[in-house]
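Chains A and B are the protein sequences, given in the same order.
Quick note: the first sequence uses this note's numbering, first residue 1, plus one each step.
Quick note: the second sequence uses this note's numbering, first residue 280, plus one each step.
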Amino acid sequence: MNINIVKNSFLKTLLYCILALQSAVIFFPLFLMTISSLKASREIFKNPFALPSAVNLKNYIKLFINQDYELYFLNSIVISLSAILMILVCTSLASYALGKYRFRGNKQIFFFFLIGLMIPIRLGTINIMQMFLKLNLFNNLLSLIIVYTAMGIPAGILIFTGFIREIPEELSDAARIDGYGETKIFLQVIVPLLSPAIVVVAVYNLMPIWNDFWFPLILINKESLMPIPLATARLFGKHETDYGLLFSILTAAALPPIVLFLTLSRYFIKGLTAGAIKG
Amino acid sequence: MILPIIQSMRFSFFTGTGIIPDQFVGFGNYKKLFTQFPFKERFFNVLKNNITFFILVMIFQNVYGFILAVLLTRKNVFGEKAFRTLFFVPTALSVIIVGFVFKLIFNPVWGVFDQVLRGIGLGNIIRPWLGDPAIALPILALVTAWHNIGIPVIFFTTGIDSIDKDIIDAGMIDGVGVLGEIRHLIIPILKPIIGIVTILTFVGNFSEFEIVYSMETAYGNPEYATDVFGSFFYRTAFGTVMNNVNDIGLGAALASIMFLIIFIGVVFFLRISRKEN
């Protein structure tokens, strides 16, 4: 009995040690990045692990005043919000059709979207680039918005169809008896019931769109149109020796997704697991 | 979405210097990749590196993530929810940012990683982490695992949470140890989820580009030791920088091969994880 208690408390201690160690491994690089962004370059090299001797916002002032950083931020917001809006409109409508109406090829279309979830869209980049060059949308934020909408559709359909299939048929039938048209049924009966799914789809798509580097790299080379990840790479290459500035660039880029994730983590994790585990 | 991929495949049978290759060469681009210097060397090097990278990430990220998930779901773990959220924080970041942060951390000029090693008495293993061809790829796999550890942790904890607690208690009474519980209970029930995590990792690794680009440039330094399909594809199709002339047809052939590898991998892991259930 005694041996068991000793053994158990030993195991519990070991468990907390591993979890604490992993937390430190995650936290430490982000901590170093943040404190370094508040130091002058000389201090970064002299005392890398120490807290800044005085809070020094010089790097951030350089970043926002000399480099127009807020412009990149704005680009990221415009791209993400537009793409998510398009995804929501397209996928909620398509899922309603797939989830509620029985027609030939229904299953096949659903399966087609599932494959889209697995195959990375970047394998089609060559054709996507040719297409946007032909449409004269190179160096145009619209090209990114279109690509990201296509990227978000499979997951959106998967999540929405799951929700829509659980809405009882009687609700739409009742509305039909009351003389509602199909459009009105969708907008006034179905959409309000879908609001939790809308949040999940939006949050699920936000991170990959906000964080994408590949498509801006291919489709944008005008500095004033760059979203944050591409701008980060551009600035990083340009100021390779100014460590203080480098860390402020990285911290400024890392902060929005971290804050966003911490506020929305519940929905985010739900979307991530709901989609994949059902599929 | 599938259309651009199929369209791209069509271009793999053409060659030309413009944006739209117009000279039909049949399987010429594929032949070039498999037999002609230096494409052949690059291709098989990339294949080897990508397989190594996938195996390393599977261990550093998914096996380790599985262990973390088992620990997190033990009875009465204090702060369990907070740990889960914390472990996911890096996953919310862009790969490119993660790559740059670690590029600075491993940089010998700043030397913080080396200072940490000296601090814990491991000063003798210090080397140019990102400049040593033997160690650079494992380092990139470690950074990738640091970045994506949240994914296996979330998937596996969710899976273990869904196991009926009575079954676990019954096992405890029968005197099955923790290892027995993992082998006979958790792994069989989690098999489909293990399959999904493996597929996500496989697809991600075989189209990975950003971590190599940010830490070792699009050339997969040092000496192509970290060159993978994604970076090779980027250089071939879009790399107009330096002395590289881009070759859309050859790039399309590479994309088609990547598609084939990913497709076969997905089907293979899907089959394994669905069998016996």
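For each residue, glycine too, the CB sits at the ideal point set by N, CA and C.
| Item | Value |
| --- | --- |
| Whether residue 22 of chain A touches residue 428 of chain B by CB criterion (9 Å) | yes |
| Best match in A:139, A:241 and A:204 for proximity to residue 45 of chain A [C-alpha to C-alpha] | A:241 |
| Residues sharing a beta bridge with residue 302 of chain B, DSSP | B:294 |
| Residue 522 of chain B versus residue 514 of chain B - alpha carbon distance | Only weak support exists for where residue 522 of chain B lies, its pLDDT of 47 falling under 50; the coordinates are left without a value. |
| Option nearest residue 12 of chain A by Cα separation, candidates B:349, B:473, B:503 and B:434 | B:349 |
| Cβ pair count under 8 Å reaching 3, the segment 281–295 of chain B against the segment 114–131 of chain A | yes |
| Nearest residue (CA-CA) to residue 170 of chain A, options A:134, A:100, A:206 and A:199 | A:100 |
| is_contact[residue 286 of chain B, chain A] using C-beta, thresh 9 Å | yes |
| C-beta contact flag for residue 419 of chain B and residue 505 of chain B at 9 Å | yes |
| Partners in chain B for residue 234 of chain A, counting only beta-carbon separations shorter than 7 Å | Correct list: empty, because the minimum Cβ distance to chain B is about 11 Å. |
| 7 Å Cβ cut-off: residues of chain A touching residue 353 of chain B | 15 |
| Local conformation of residue 544 of chain B per DSSP, three classes | helix |
| Nearest residue (CA-CA) to residue 337 of chain B, options B:417, B:437 and B:444 | B:417 |
| Contact set for residue 363 of chain B: own chain, Cβ-Cβ below 8 Å, skip 5 residues either direction | 351, 432, 433 and 436 |
| Cutoff 9 Å: residue 541 of chain B Cβ touching any chain A Cβ | yes |
| Option nearest residue 116 of chain A by Cα separation, candidates A:156, A:253 and A:168 | A:156 |
| Proximity below 9 Å, CB of residue 296 of chain B to CB of residue 307 of chain B | no |
| The segment 321–335 of chain B / the segment 387–402 of chain B touching (three or more Cβ pairs under 8 Å) | no |
| Buried/exposed call for residue 93 of chain A, threshold 16 Cβ in 10 Å | exposed |
| Residues near residue 193 of chain A in its chain [Cβ-Cβ closer than 6 Å; skip 5 each side] | 167 |
| Contact under 9 Å by Cβ, residue 149 of chain A with residue 252 of chain A | no |
| Contact under 9 Å by Cβ, residue 545 of chain B with residue 478 of chain B | yes |
| For residue 126 of chain A, the first and last residue of its enclosing alpha helix (DSSP H) | 125–134 |
| CB contact below 9 Å: residue 394 of chain B versus chain A | yes |
| Interface residues of chain A facing residue 530 of chain B [CB-CB closer than 9 Å] | 125 and 126 |
| Inter-residue Cα distance where the pair is residue 553 of chain B and residue 543 of chain B | 15 Å |
| Contact with chain B by residue 98 of chain A, beta-carbon distance below 9 Å | no |
| Buried or exposed (CB count within 10 angstroms, at least 16 for buried), residue 480 of chain B | buried |
| Endpoints, the alpha helix (DSSP H) within which residue 68 of chain A is located | Segment: none, residue 68 of chain A is in no alpha helix (DSSP H) and carries neither H nor E. |
| For residue 499 of chain B, three-class secondary structure by DSSP | coil |
| As assigned by DSSP and simplified to three states, the class of residue 522 of chain B | Its pLDDT being 47, under 50, residue 522 of chain B is placed unreliably by the model, and the measurement read from it follows with that caveat. Residue 522 of chain B: coil per DSSP, three-state reduction. |
| Contacts that residue 273 of chain A makes with chain B (C-beta to C-beta distance below 8 Å) | 433, 434 and 437 |
| Cβ contact (3+ pairs, closer than 8 Å) linking the segment 245–261 of chain A and the segment 403–411 of chain B | no |
| Straight-line Cα distance separating residue 33 of chain A from residue 51 of chain A | 11 Å |
| Spatial distance of residue 494 of chain B from residue 235 of chain A (CA atoms) | 15 Å |
| Integer Cβ distance of residue 230 of chain A from residue 213 of chain A, believed to fall under 8 Å | 6 Å |
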